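Mapped onto my numbering, the consecutive letters of the sequence shown carry residue numbers 4 to 45. Note that beta-carbon positions come from the ideal geometry of N, C-alpha and C, so glycine has one too. As the structure is a computational prediction, the values presented were derived from the model and not from experiment.
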Amino acid sequence: LCKDLYMCIESLKHDLKEKKNSLKKFKRNANYQQKYTEGDHG
């Protein structure tokens, strides 16, 4: 059980890391899009 719990926690940590990374990527893309759009019309 202890090992399973450990694995479970590690898995959750990994998922969280992945989510954070994709959020960062998403934000960066959004910023890029915004700049691109502003540059287009500005």
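Close-in-space but distant-in-sequence residues of the same chain around residue i (CB under 6 Å, 5 per side omitted)
| i | result |
| --- | --- |
| Gln-36 | none |
| Leu-26 | none |
Spatial distance of residue i from residue j (CA atoms)
| i | j | result |
| --- | --- | --- |
| Asp-7 | Lys-22 | 22 Å |
| Thr-40 | Met-10 | 44 Å |
| Lys-38 | Phe-29 | 14 Å |
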